[in-house]
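**Student:** Okay, handing you the structure first.
Residue numbers (this note's numbering): 1075 to 1740.
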């Protein structure tokens, strides 16, 4: 049992020689003669045989990647040409194995290290008397989730600390030259560090006799390869070149559905059409070449189209909805196209795509959670007032930084006919304050209209607002809920914001002193809809400027106010018609007209809350369903709870989405 003075010794599957360690030729021969695996169990056996000698192959993990990917959980067994090539290449590399030499304790040690975004690697080698390098050991590993977030310098330093820890018994007390392609590490032992992690590592490194040198990256190829193809991968993501391979996961299907699938064969035989197919399975006249082809496999009827290779389970009609819905929900409520592909991987039936579209369209969760790809569009309407006393629109601008006088809001009042704007500062934005400003300033000095249009702010929907306006002979009207485009004042609000940005960008609290200038700028420029300045239509004259005193021009004939107002009425109608024609030319979706009794979803008005630890993006996009109870002629619909409920409000059609019934059977 003993042998002495031998040139080489076989020990534990390796050949030990005076120079180093080599793999056992018998094991290499077994690897080269290993037959092609036909299942995962045989492939694990092959890789287990190879893993015993993996330390002799610096890039072993890279070469076996196509094989190990077949062993991941949830990956279907598919031995294609790429896997076959990798299998033959792995067998061939063991005939060109790298010898690992014995360390020479009388010579200096060199450590090459490198780090990538996913791993670290190192190579320990020495030099002979002629200066040629001989490898002593290779190591590499993946970075942990925390280590992936390290800076580049920290990852490079980690590779040094980890490698020296691996070879501590061999290197401690000996001079070691560390070679790295990260130049900042060459100053690591000399500079003052504020990073606690690097400071701790320096304390660890001080027990070694180190000399850290920088080498260019193209001279550090072995350690670089080890860092990018680490041998121990416990992460979920592995980068290979420009590809990202994500570890497969199990998709959890509903337990009740899985229980039903155990009765799949029984359900097939309960289906009338399938019973006919089974009875006449061998009758070729029943199944012409271009139609579905059928076969019975392990008591389950399978089918395929002639142009396809894979057989799939033929669905009984009673299970179609449940199968589609289960796959749709298990894969995160994906769209109909993705649901179709996941279902069709296992099942087949005539008109499957039509059934998938129908089931997915009726999914209640998807209807609430997904934005509409085809938003409803009604016929386009324009607000065209009859005369200068017909319609006034109001809105609030703010809150603003509190001024020296205590004001922090602006009441914006627009005459929809003349486009004349008045802006009033307010200390607070309640109904009484707004009404006092209108009664004391706007109505006596500008105009008392027949209608006032506002949004659904609480200031404008209160009883005090409606009753006070009614006493003055004014009708309170409203635009649709959450549809600011229905209020013409919104365009003026944009202009107010622009002007304040220009004059108040350096000192925001100075906005109050620019309010008179704001009123002047909004009313003294010709309006594109009327062809006149709002000031001229309101007061019957143009604004006097200092330029008129310097530059004298022939006097222009001043038209009577009645003539101007008639021209404005004509211009407004003409402008509205042109806008509608232009919109119709660009319309992408057909006009939709909802009817009383239709069910709809209403776009939700979600708000994030730090106190409740909720975020707007996580709420459902729509609420409901609601029932249309009243139709207005301006794309507005009044909706109420379904089946019987109180009035929810009046909404523009753009805020609604059609409700689709959940499919229960086909």
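Think of the CB as a built atom: it goes at the ideal place given N, C-alpha and C, for glycine as much as any other residue.
Please look up how many angstroms separate the CB atoms of residue 1390 and residue 1348, rounded, as I've assumed it's under 8 angstroms.
**Tutor:** Between residue 1348 and residue 1390 the Cβ distance is about 6 angstroms, and since that is below 8 angstroms, they are a contact.
**Student:** Per DSSP, which one or two residues make a beta bridge with residue 1288?
**Tutor:** For residue 1288, which the question treats as bridged, DSSP gives the partners 1254.
**Student:** Three Cβ pairs or more, each shorter than 8 angstroms: is that satisfied between the region 1187-1195 and the region 1154-1170?
**Tutor:** No: fewer than three Cβ pairs fall under 8 angstroms.
**Student:** If the criterion is Cβ atoms closer than 8 angstroms, does the pair residue 1643 and residue 1461 meet it?
**Tutor:** Yes; because the gap between Cβ atoms is below 8 angstroms, this pair is in contact.
**Student:** Of the residues 1375, 1203, 1397 and 1378, which one's Cα is nearest the Cα of residue 1334?
**Tutor:** It is 1397.
**Student:** Since residue 1608 is in the alpha helix (DSSP H), which residue starts that stretch and which ends it?
**Tutor:** 1608-1613 is the span of the alpha helix (DSSP H), which, as asked, contains residue 1608.
**Student:** Measuring only the C-alpha atoms, how far is residue 1353 from residue 1386?
**Tutor:** Whole-angstrom Cα-Cα distance: 19 angstroms.
**Student:** So residue 1495 is in the beta strand (DSSP E); what residue range does that whole segment cover?
**Tutor:** Taken as a continuous stretch (DSSP letters only), the beta strand (DSSP E) holding residue 1495 covers 1495-1500.
**Student:** Drop a sphere of 10 angstroms on the beta-carbon of residue 1256, count the other beta-carbons inside from all chains shown, and report buried for 16 or more, exposed for fewer.
**Tutor:** Per the 10 Å Cβ criterion, buried.
**Student:** Using 8 angstroms for Cβ pairs, my map puts residue 1562 next to residue 1529. What's the rounded Cβ distance?
**Tutor:** That belief does not hold up - the Cβ atoms of residue 1562 and residue 1529 are roughly 12 angstroms apart, past 8 angstroms.
**Student:** If I'm right that residue 1525 touches residue 1549 with Cβ under 8 angstroms, what's the distance once you round it to whole angstroms?
**Tutor:** Between residue 1549 and residue 1525 the Cβ distance is about 5 angstroms, and since that is below 8 angstroms, they are a contact.
**Student:** Can you grab the Cα-Cα spacing for the pair residue 1543 / residue 1438, in whole Å?
**Tutor:** Roughly 43 angstroms separates the two Cα atoms.
**Student:** According to DSSP, simplified to helix, strand and coil, what is residue 1105?
**Tutor:** Correct three-state label for residue 1105: helix.
**Student:** Using only CA atoms, which one of 1201, 1269 and 1370 lies nearest to residue 1250?
**Tutor:** Cα-wise, what sits closest to residue 1250 is 1201.
**Student:** Just to confirm the assignment: which complete alpha helix (DSSP H) runs, minimum length 4, are found wholly within the region 1416-1474?
**Tutor:** Runs of the alpha helix (DSSP H) inside the region 1416-1474: 1426-1435 and 1438-1443.
**Student:** Quick one, are the C-beta atoms of residue 1733 and residue 1699 less than 8 angstroms apart?
**Tutor:** Yes; because the gap between Cβ atoms is below 8 angstroms, this pair is in contact.
**Student:** Please return the same chain residues whose Cβ sits closer than 7 angstroms to the Cβ of residue 1324, not counting the five positions on each side in sequence.
**Tutor:** Confidence is the limiting factor: at residue 1324 the pLDDT is only 49, short of 50, which leaves the residue's position unreliable and the question unanswerable from this model.
**Student:** Locate the alpha helix (DSSP H) running through residue 1400, then write down its first and last residues.
**Tutor:** Per DSSP, residue 1400 belongs to the alpha helix (DSSP H) from 1394-1404.
**Student:** What is the rounded straight-line gap between the Cα of residue 1117 and the Cα of residue 1140?
**Tutor:** The alpha-carbon atoms of residue 1117 and residue 1140 are separated by roughly 12 angstroms.
**Student:** Taking DSSP as the reference, what is the three-state secondary structure of residue 1097?
**Tutor:** Residue state, collapsed to three classes: strand.
**Student:** Report yes or no: do three or more beta-carbon pairs, one from the region 1175-1190 and one from the region 1232-1251, lie closer than 8 angstroms?
**Tutor:** They touch, by the three-pair rule.
**Student:** Let me know if residue 1406 comes out buried or exposed under the rule of 16 or more other beta-carbons within 10 Å of its beta-carbon.
**Tutor:** Exposed is the call here.
**Student:** Answer yes if the region 1601-1621 comes into contact with the region 1641-1655, meaning at least three C-beta pairs across the two stretches below 8 angstroms, and no otherwise.
**Tutor:** Taking 8 angstroms as the limit for Cβ pairs, the verdict is that the region 1601-1621 does touch the region 1641-1655.
**Student:** Taking the beta strand (DSSP E) that residue 1525 belongs to, which residues open and close that run?
**Tutor:** Taken as a continuous stretch (DSSP letters only), the beta strand (DSSP E) holding residue 1525 covers 1525-1528.
**Student:** Taking residue 1272 and residue 1231 to be in contact with their CB atoms under 8 angstroms, please state how far apart those CB atoms are, rounded to whole angstroms.
**Tutor:** That belief holds up - the Cβ atoms of residue 1272 and residue 1231 are roughly 6 angstroms apart, short of 8 angstroms.
**Student:** Going by DSSP, which residues form a beta bridge with residue 1701?
**Tutor:** Note: residue 1701 sits in a beta bridge opposite 1673 and 1714.
**Student:** Indicate whether the contact test is met: 3 or more Cβ pairs, each with one atom in the region 1478-1494 and one in the region 1421-1441, closer than 8 angstroms.
**Tutor:** Verdict: no, contact absent.
**Student:** Quick check on the DSSP output: the alpha helix (DSSP H) that includes residue 1219 runs from which residue to which?
**Tutor:** Its alpha helix (DSSP H) spans residues 1219-1222.
**Student:** Are the beta-carbon atoms of residue 1168 and residue 1105 separated by less than 8 angstroms?
**Tutor:** Contact flag set, yes.
**Student:** Got a sec? Which residues, its chain only, sit under 7 angstroms from residue 1156 by beta carbon, not counting five neighbours each side?
**Tutor:** Contacts found: 1140.
**Student:** Compare the Cα-Cα distances from residue 1594 to each of 1449, 1617 and 1580 and report the closest residue.
**Tutor:** If we check each option's Cα against that of residue 1594, 1617 comes out closest.
**Student:** Terminal residues of the continuous alpha helix (DSSP H) containing residue 1162?
**Tutor:** That run of the alpha helix (DSSP H) goes 1155-1167.
**Student:** Under DSSP, the beta strand (DSSP E) around residue 1723 begins and ends at which residues?
**Tutor:** Counting along the chain, the beta strand (DSSP E) containing residue 1723 begins and ends at 1721-1726.
**Student:** Please confirm if residue 1377 has its CB atom under 8 angstroms from at least one CB of chain C.
**Tutor:** Of the protein chains in the structure, only one exists, and it is not chain C.
**Student:** Please report how far the alpha carbon of residue 1638 lies from the alpha carbon of residue 1611, in whole angstroms.
**Tutor:** Near 7 angstroms, if we compare the C-alpha coordinates of residue 1611 and residue 1638.
**Student:** Return helix, strand or coil for residue 1586, following the three-state DSSP convention.
**Tutor:** In the structure shown, residue 1586 sits in a helix (DSSP, three-state: H, G or I).
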